[in-house]
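If you read the protein sequences in the order shown, they are chains A and B.
Residues in the first sequence are numbered from 1 upward in steps of one, following full-length UniProt numbering.
Residues in the second sequence are numbered from 1 upward in steps of one, following full-length UniProt numbering.
Note that CB positions come from ideal geometry on N, CA and C, so glycine has one too.
The structure displayed is predicted, hence computed values, not measured ones.
Number of protein chains: 2
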Amino acid sequence: MLSERRLEVLRAIVQDYVGTDEPVAVGSKALTERHRLGVSPATVRNDMAALEDEGYIAQPHTSAGRIPTDKGYRLFVDKLAGVKPMTAPERRAIQNFLDGAVDLDDVVGRTVRLLAQLTRQVAVVQYPSLTRSTVRHVELLSLAPARVMLVLITDTGRVEQRMIDCPAPFGETSLADLRARLNSRVAGRRFADVPQLVQDLPDAFEAEDRGTVATVLSTLLETLVEETEERLMIGGTANLTRFGHDFPLTIRPVLEALEEQVVLLKLLGEAGDSSMTVRIGHENAYEGLNSTSVVSVGYGSGGEAVAKLGVVGPTRMDYPGTMGAVRAVARYVGQILAES
Amino acid sequence: MLSERRLEVLRAIVQDYVGTDEPVAVGSKALTERHRLGVSPATVRNDMAALEDEGYIAQPHTSAGRIPTDKGYRLFVDKLAGVKPMTAPERRAIQNFLDGAVDLDDVVGRTVRLLAQLTRQVAVVQYPSLTRSTVRHVELLSLAPARVMLVLITDTGRVEQRMIDCPAPFGETSLADLRARLNSRVAGRRFADVPQLVQDLPDAFEAEDRGTVATVLSTLLETLVEETEERLMIGGTANLTRFGHDFPLTIRPVLEALEEQVVLLKLLGEAGDSSMTVRIGHENAYEGLNSTSVVSVGYGSGGEAVAKLGVVGPTRMDYPGTMGAVRAVARYVGQILAES
DNA sequence: TGCTGGCACTCGCACGCGCTGAGTGCCAAG
DNA sequence: CTTGGCACTCAGCGCGTGCGAGTGCCAGCA
Chain A
1 MLSERRLEVL RAIVQDYVGT DEPVAVGSKA LTERHRLGVS PATVRNDMAA LEDEGYIAQP
61 HTSAGRIPTD KGYRLFVDKL AGVKPMTAPE RRAIQNFLDG AVDLDDVVGR TVRLLAQLTR
121 QVAVVQYPSL TRSTVRHVEL LSLAPARVML VLITDTGRVE QRMIDCPAPF GETSLADLRA
181 RLNSRVAGRR FADVPQLVQD LPDAFEAEDR GTVATVLSTL LETLVEETEE RLMIGGTANL
241 TRFGHDFPLT IRPVLEALEE QVVLLKLLGE AGDSSMTVRI GHENAYEGLN STSVVSVGYG
301 SGGEAVAKLG VVGPTRMDYP GTMGAVRAVA RYVGQILAES
Chain B
1 MLSERRLEVL RAIVQDYVGT DEPVAVGSKA LTERHRLGVS PATVRNDMAA LEDEGYIAQP
61 HTSAGRIPTD KGYRLFVDKL AGVKPMTAPE RRAIQNFLDG AVDLDDVVGR TVRLLAQLTR
121 QVAVVQYPSL TRSTVRHVEL LSLAPARVML VLITDTGRVE QRMIDCPAPF GETSLADLRA
181 RLNSRVAGRR FADVPQLVQD LPDAFEAEDR GTVATVLSTL LETLVEETEE RLMIGGTANL
241 TRFGHDFPLT IRPVLEALEE QVVLLKLLGE AGDSSMTVRI GHENAYEGLN STSVVSVGYG
301 SGGEAVAKLG VVGPTRMDYP GTMGAVRAVA RYVGQILAES
């Protein structure tokens, strides 16, 4: 186990390294000057050697200072640093900026710009696009007395099918009836509107069939949710220019990753549900993002998270500040969504 | 006026310069070696001096070769180079790739990827997003006997107002009648559906009012068209890494410009209607794009162009090839849109 | 008049060199 | 366990040099 002071040294290294844009690593002497560690450079050197043995820091080349490794950043984020809260004026600014939004797209657009500006990194906002798709047709087929196949056709031409085991046998006539009622209500309507359009449908059926109808409906609703397209908005790519001074090589795979929406959606999707997640360097499954960190968090209008947002930046980032900004923005976006 | 051979020299310079990624300018000797100009380097030198006097080429520093200026590229594009047609296999590939699209968004997404890949540059596709907005309310106010104000409120909360000079005086009662009929038909409906919903409205009015009703309706339709949101999709930003070897400075403003959708929309909008437009370097109004060229063209499902697409890349680009790709893609996208 | 070869000149770039300074590891003493 | 001292390492920087591609100019030739 690392002693208290060694952790303190690691913290100091991370802070110093992250605090400057210079390509230099941080050395023992500079550390003792900038931080009140209460020990001499020589002691710090010993600690650094120990930290290096443990894999928390590394030297880019012999006789240079040390820089944190992914493992070092991980420890820093987990144990040594909190989330830096936004100041009151910052919070006000966030709120004001988001309050001006006129519709969902505008909210997302503003959010992405805001987040990019606050963190000076690349911002990514994922949001469900419930509004666009509409139902073209719903088909129900009886495969066995208590087994129905549901086929959903959307106006985009996508076809989804589900098997349904009914709680009770379901006659052909009831099935035809349900099919007709269902289509007359939902055909041409938006996914988002479907739940309320069908909620009283079971009432029109005999008591014995209601359970089955309810089952079919809930399967339909589930399918719709899965079909809901997830969209992404990205901003602040110009901040990539601050990456490193060497960066043609660094920046390219990142730009490529940002264009692969699938990659990003997966990235955000993997992150824990609603609590904040930080993925550092090689912790990102996607290889192109191996020298970047992704800070993401869920957000939503009510209590639970319906979507994710976050930023991607160099592993050498100000974690507490970034986490603070991401958390604050997510919170206010949730608030705005709840109001509207 | 420039002699035939001098134009040939300019063409050779542009081709050589564009053909390599090296930061070197092109000199007289190399030119005579790679192109069959039939004259000696010395002659070419004289021609180059003349071309420089006219402002078509420049030398980055004394005693280096020459590189084309914006004016030189302009001449090249206008007079010296045609549009390089795609080969048959390329055309087939384009068509196959686009044929797989399932909906408009998918078409646009595929187009942007395709264009980025073909040209190895940043692709931009603008498309009208007619489908999303709906009308909340239309208000008509009588300001004078033959003067009406039209106020349009959309579901996104946007408000547009227009003055209308009527061909004939229009009574309060007729106005109220029109207002009521109009709203009952279009409230809650999509912009795209409005034209057909109101087309027979004038029939319900007295002959003397029909002219005015028609005027009001056409103003409304115009307003809707203007309100139609224009959306953008961008791809291939990773190609920016091929810009120059110096590029932190070059790339940044370009990334910034790409994020300013307004800038891009304007850029595409300014371009000529349906014929291909090439804006070279400083011809672009937006300063950040002063070292890039934009090749754009209109596309649409029928004969006329409803939207634009194009690429932005370094002024040092393969113009014939890029123009060929842009034109081919626009053509096939139009075809796909017409089919669906 | 226009093309050509020759020649002197320019200057960016790559290479090699030595210096400097920040940083390290190790060691002996407190 | 901490500390000061010491020898060592090495990336980065500035400088001088040679090379080579390229130019402008000029005199001669068709």
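| said: Taking the straight line between their C-alpha atoms, what separation do you get for A/Gly171 and A/Pro145? | reply: Residue mapping note: residue 171 of chain A aligns to position 171 of the first sequence, counting from 1. Residue mapping note: residue 145 of chain A aligns to position 145 of the first sequence, counting from 1. Cα-Cα distance, rounded: 7 Å.
| task | Using the DSSP secondary-structure output, state which residues sit across from A/Gly235 in a beta bridge. | result | Taking the first residue of the first sequence as 1, we reach residue 235 of chain A at position 235. Paired residues: A/Ala123.
| task | Give the residues from the region 23-34 of chain A that approach chain B closer than 9 Å (Cβ to any Cβ), ordered along the chain. | result | None of the residues of the region 23-34 of chain A has a beta carbon lying less than 9 Å from any beta carbon of chain B.
| task | Go through its chain and collect everything with a Cβ distance to B/Val138's Cβ below 8 Å, but skip five positions before and after it. | result | Translated into the one-based positions of the second sequence, residue 138 of chain B becomes position 138. If we look at B/Val138 and ignore the five residues flanking it on each side, its Cβ neighbours are Leu150, Val151, Leu152, Ile153, Arg179, Leu182, Asn183, Val186, Ala187 and Leu220.
| In three-state terms, what does DSSP make of A/Tyr299? | Counted from its first residue, the first sequence places residue 299 of chain A at position 299. The answer is strand: DSSP assigns A/Tyr299 an E or B state.
| field | DSSP beta-bridge partners of B/Ser293 | value | Start at 1 with the first residue of the second sequence, and residue 293 of chain B comes out as number 293. For B/Ser293, which the question treats as bridged, DSSP gives the partners B/Ile280 and B/Gly313.
| message | Would you call the region 277-297 of chain A in contact with the region 39-49 of chain A, where contact means no fewer than 3 C-beta pairs closer than 8 Å? | response | A contact is defined here as three or more CB-CB pairs under 8 Å, and the region 277-297 of chain A fails this definition with respect to the region 39-49 of chain A.
| message | I want to know whether the region 187-196 of chain A touches the region 114-123 of chain A - three or more CB-CB distances under 8 Å. | response | By the criterion of at least three beta-carbon pairs nearer than 8 Å, the region 187-196 of chain A is not in contact with the region 114-123 of chain A.
| field | Simplified DSSP assignment, three categories, for B/Arg136 | value | For the purposes of this step, residue 136 of chain B is identified with residue 136 of the second sequence, where counting begins at 1. Judged by DSSP in its simplified three-state form, B/Arg136 adopts strand.
| Buried or exposed: B/Glu8, going by 16 or more other Cβ atoms within 10 Å of its Cβ? | Looking up residue 8 of chain B in the second sequence gives position 8. Flag for B/Glu8 reads buried.
| said: Whole angstroms are fine: how far does the CA of B/His61 sit from the CA of A/Leu264? | reply: As a first step, residue 264 of chain A is located in the first sequence; it is residue number 264 there, counting from the start. As a first step, residue 61 of chain B is located in the second sequence; it is residue number 61 there, counting from the start. Here the alpha carbon of A/Leu264 sits roughly 45 Å from the alpha carbon of B/His61.
| said: So with CB distances below 8 Å, who are the chain A contacts of B/Thr219? | reply: As a first step, residue 219 of chain B must be located in the second sequence, where it is residue number 219. Identification of chain A residues near B/Thr219 by a Cβ-Cβ cut-off of 8 Å yields none; the smallest Cβ-Cβ distance measures about 23 Å.
| query | Interface residues of chain A around B/Val259 at Cβ under 7 Å? | reply | In the second sequence, the residue the question calls residue 259 of chain B occupies position 259. Position check: residue 259 of chain B holds Glu in this sequence, whereas Val was assumed. Going along chain A in sequence order, the residues near B/Glu259 (Cβ under 7 Å) are Gly235, Thr237 and Ala238.
| Between B/Arg252 and chain A, is there a C-beta pair that is closer than 8 Å? | Against the second sequence, residue 252 of chain B aligns to sequence position 252. Answer yes: the Cβ-Cβ gap between B/Arg252 and chain A drops below 8 Å somewhere.
| field | chain A residues whose Cβ lies nearer than 8 Å to that of B/Leu150 | value | On the second sequence, residue 150 of chain B is found 150 positions in, with the first residue counted as 1. Residues of chain A with a Cβ closer than 8 Å to the Cβ of B/Leu150 do not exist; the shortest Cβ-Cβ separation is about 21 Å.
| said: Using a Cβ-Cβ distance cut-off of 8 Å, determine whether B/Glu256 contacts chain A. | reply: Within the second sequence, residue 256 of chain B is the residue found at index 256, counting from 1. Output row for B/Glu256: interface = yes.
| Distance CB(A/Leu309)-CB(A/Val125) smaller than 8 Å | In the first sequence, residue 309 of chain A corresponds to position 309, counting from 1. In the first sequence, residue 125 of chain A corresponds to position 125, counting from 1. At the C-beta level, A/Leu309 and A/Val125 come within 8 Å of one another.
| Under the three-state reduction of DSSP, which class applies to B/Val148: helix, strand or coil? | The count along the second sequence starts at 1 and reaches residue 148 of chain B at position 148. In this structure, B/Val148 counts as strand in the three-state DSSP scheme.
| The alpha helix (DSSP H) spanning A/Leu10 covers which residue range? | The residue given as residue 10 of chain A occupies position 10 in the first sequence. Under the DSSP assignment, A/Leu10 falls in the alpha helix (DSSP H) whose first and last residues are Glu4 to Gly19.
| message | Using the three-state DSSP reduction, which class does B/Ala58 fall into: helix, strand or coil? | response | As a first step, residue 58 of chain B must be located in the second sequence, where it is residue number 58. Three-state result, B/Ala58: strand.
| said: Is there a C-beta anywhere in chain B that falls below 8 Å from the one on A/Thr119? | reply: Looking up residue 119 of chain A in the first sequence gives position 119. No, A/Thr119 does not count as interfacial toward chain B.
| request: Assess, as a yes-or-no matter, whether the region 286-299 of chain B is touched by the region 322-339 of chain B under the definition of 3 or more beta carbon pairs within less than 8 Å. | output: At 8 Å Cβ cutoff, the stretches touch.
| query | Quick one: does the C-beta of B/Ala257 sit closer than 7 Å to a heavy atom of the ligand GTP? | reply | Annotation note on the ligand GTP: not contained in the displayed structure, which lists no ligands.
| field | Under 8 Å between C-beta atoms of B/Val333 and B/Val83 | value | Residue numbering aside, residue 333 of chain B sits at position 333 when the second sequence is read from its first letter. Residue numbering aside, residue 83 of chain B sits at position 83 when the second sequence is read from its first letter. In this structure, the beta-carbon distance from B/Val333 to B/Val83 does not fall below 8 Å.
| task | Could I get the ranges of all uninterrupted beta strand (DSSP E) runs contained in the region 83-121 of chain A, with 3 residues as the minimum, in chain order? | result | Not a single unbroken stretch of the beta strand (DSSP E) spanning 3 or more residues falls wholly within the region 83-121 of chain A.
| field | B/Asp177, enclosing alpha helix (DSSP H) - first and last residue | value | Here residue 177 of chain B corresponds to residue number 177 of the second sequence, with the count starting at 1. Per DSSP, the unbroken alpha helix (DSSP H) holding B/Asp177 starts and ends at Glu172 to Val186.
| task | Decide if B/Met163 is buried, meaning its Cβ has at least 16 other Cβ atoms within 10 Å, or exposed. | result | Residue 163 of chain B sits at position 163 when you count from the first residue of the second sequence. Within 10 angstroms of the beta-carbon of B/Met163 lie fewer than 16 other beta-carbons, which makes it exposed.
| Name the chain A residues whose beta carbon is nearer than 8 Å to that of B/Thr241? | To locate residue 241 of chain B, count along the second sequence from 1; it is residue 241. The contact set of B/Thr241 on chain A, defined by CB atoms closer than 8 Å, consists of Pro248, Ile251, Arg252 and Leu255 in chain order.
| query | Applying the criterion that 16 or more other CB atoms from any shown protein chain within 10 Å of the CB defines a buried residue, is B/Val262 buried or exposed? | reply | Locating residue 262 of chain B in the second sequence gives position 262, counting from the first residue. That one is exposed.
| Pairwise C-alpha distance: B/Arg252 and A/Arg92 | For the purposes of this step, residue 92 of chain A is taken as the residue at position 92 of the first sequence. For the purposes of this step, residue 252 of chain B is taken as the residue at position 252 of the second sequence. Cα to Cα, A/Arg92 sits roughly 30 Å from B/Arg252.
| Residue nearest to A/Ala49 in terms of C-alpha spacing, selected from A/Gly269, A/Pro68 and A/Asp209 | Here residue 49 of chain A corresponds to residue number 49 of the first sequence, with the count starting at 1. In terms of Cα proximity to A/Ala49, the closest of A/Gly269, A/Pro68 and A/Asp209 is A/Pro68.
| query | Any idea what DSSP makes of A/Glu230, helix, strand or coil? | reply | In the first sequence, counting from the first residue as 1, residue 230 of chain A sits at position 230. If DSSP states are grouped into helix, strand and coil, A/Glu230 belongs with the strands.
| Whose C-beta lies closer than 7 Å to the C-beta of B/Thr173 among residues of the same chain, with five residues either side of it excluded? | Counting from one through the second sequence, the residue named residue 173 of chain B turns up at place 173. Excluding sequence neighbours, B/Thr173 sits near nothing in its chain.
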